[in-house]
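1 is the number of the first residue of the sequence shown in full-length UniProt numbering; add one for each residue after it.
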Amino acid sequence: MNDFDTRQRAVVFGYHNVGVRCLKVLLAGGVDVALVVTHEDSASENIWFESVISLCQAEGIPYITPADARSPELLAQVQAIAPDLMFSFYYRHMLPAELLAVAPAFNMHGSLLPEFRGRAPVNWAVLHGATVTGATLHEMTVKPDAGAIVSQMEVPILPDDTAHEVFGKVQVAAEQALWRVLPSLLDGTAPRLHNDLSKGGYFSGRKPEDGRIDWSQPAQQVYNLHRAVAPPYPGAFTDINGVRYVIQRARLNGNFGNVISLSLPPGLTVVDNCIFGVCGDGRMLTISSLTADGDPITAEQLQARLAA
């Protein structure tokens, strides 16, 4: 792209798969990545994603893992680098105004802004039954996900896609959105499209407890919850007699005849040696994999427990 002596210098805040893929795009595009700010993996989290630190080590890129993005030390370090651009790719901390003032900054968000602003955008999109989502590169402002849109790429959400499957599509969309606009970002001609905050909505982070199933809800809503939090996320769950049952795999099916006439109450049940989740509208989820306090449980075992 540019000669070495004139290529633009960047500081990258990044984590997760999107951090890895977008950092690779910058390197392939000839950007001088002077520093990467990332996170140490948490021992309490299921780390199913790629490592930004491993990429930095492989590429010889300096990296740091500050606990606080608002620290004066971090600000001084970034100011000393005097980057031409800054990028945030799934970095988990908000960047303060003082840091954003150092250089033009751009964030990659996992939705089609202004839809699903805030935390866990892919999970929220699946939970709400969205049929499309994508990735958006936008200017960073102190207000999250509010800056002008620079590039977007759309992907479909199929009826049975889990959030993990959709995230796989979104990380490719993020790579494409950045690759497509990077030359114009570097020469200063990238578009700035209005991010209409009167549309869409802002969503907060999700906790494992948010996966608790309300079996009185319609089956589509319960199924969307399962899809939104299915492994490697913590999973949709229900508690029975002090035991936590977590759905690992399930599909939404039809009515299976007149469920009401079978007098099946909402919740887990076993019919013909198959596990089902009966929902408030009489429709059921077919559950092909279920755990009880972390261990796999068969239909026969569940039936014995439910009958006890």
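The beta carbon of each residue, even a glycine, is placed where N, CA and C say it ideally should be.
It should be emphasised that the depicted structure is a prediction, and the values quoted were computed from it without experimental measurement.
Checklist entry - Using a Cβ-Cβ cut-off of 7 Å (strictly less than) and excluding sequence neighbours within five positions of Lys-199, which residues of its own chain qualify? => result Pro-114
Checklist entry - Over what stretch of residues does the beta strand (DSSP E) that includes Ile-275 continue unbroken? => result 274–278
Item to check | Contact between the region 126–141 and the region 172–184 (3+ Cβ pairs under 8 Å) | outcome: yes
Next on the checklist: Check whether the region 200–219 and the region 227–243 touch, using three or more Cβ-Cβ pairs below 8 Å as the test.
Outcome noted: yes
Checklist entry - For Arg-227, which three-state DSSP category applies? => result helix
Next on the checklist: Could you check whether Leu-290 and Ile-275 sit closer than 9 Å to each other, using their CB atoms as the reference points?
Outcome noted: yes
Next on the checklist: Are the CB atoms of Val-229 and His-292 within a distance shorter than 9 Å?
Outcome noted: Before going on, a small fix: residue 292 reads as Ala here, not His. No.
Checklist entry - With burial defined as no fewer than 16 other Cβ atoms inside 10 Å of the residue's Cβ, what is the status of Gln-57: buried or exposed? => result exposed
Next on the checklist: Relative to the C-alpha of Ala-76, which candidate in Gln-171, Val-11 and Leu-185 has its C-alpha closest?
Outcome noted: Val-11
Checklist entry - Does the Cβ of Val-142 have 16 or more other Cβ atoms within 10 Å, making it buried, or fewer, making it exposed? => result exposed
Next on the checklist: Could you tell me the alpha carbon to alpha carbon distance between Ser-261 and Leu-268, rounded to whole angstroms?
Outcome noted: Low confidence applies here, because Ser-261 scores a pLDDT of 40, under 50, leaving its location unreliable and the question unanswered by this model.
Checklist entry - Between Pro-266 and Pro-234, which are expected to be in contact by the criterion C-beta below 8 Å, what is the C-beta distance as a whole number of angstroms? => result Not a contact, Cβ separation roughly 22 Å.
Item to check | Residue interval of the alpha helix (DSSP H) (run including Asp-187) | outcome: 163–187
Next on the checklist: Taking its Cβ as the centre, do 16 or more other Cβ atoms sit within 10 Å of Ile-47, making it buried, or is it exposed?
Outcome noted: exposed
Item to check | Alpha-carbon to alpha-carbon, Ala-308 and residue 309 | outcome: Lying outside 1 to 308, the shown extent of the chain, residue 309 is not represented and no answer is given.
Checklist entry - Where DSSP assigns a beta bridge to Tyr-63, which residues make up the other side? => result Val-36
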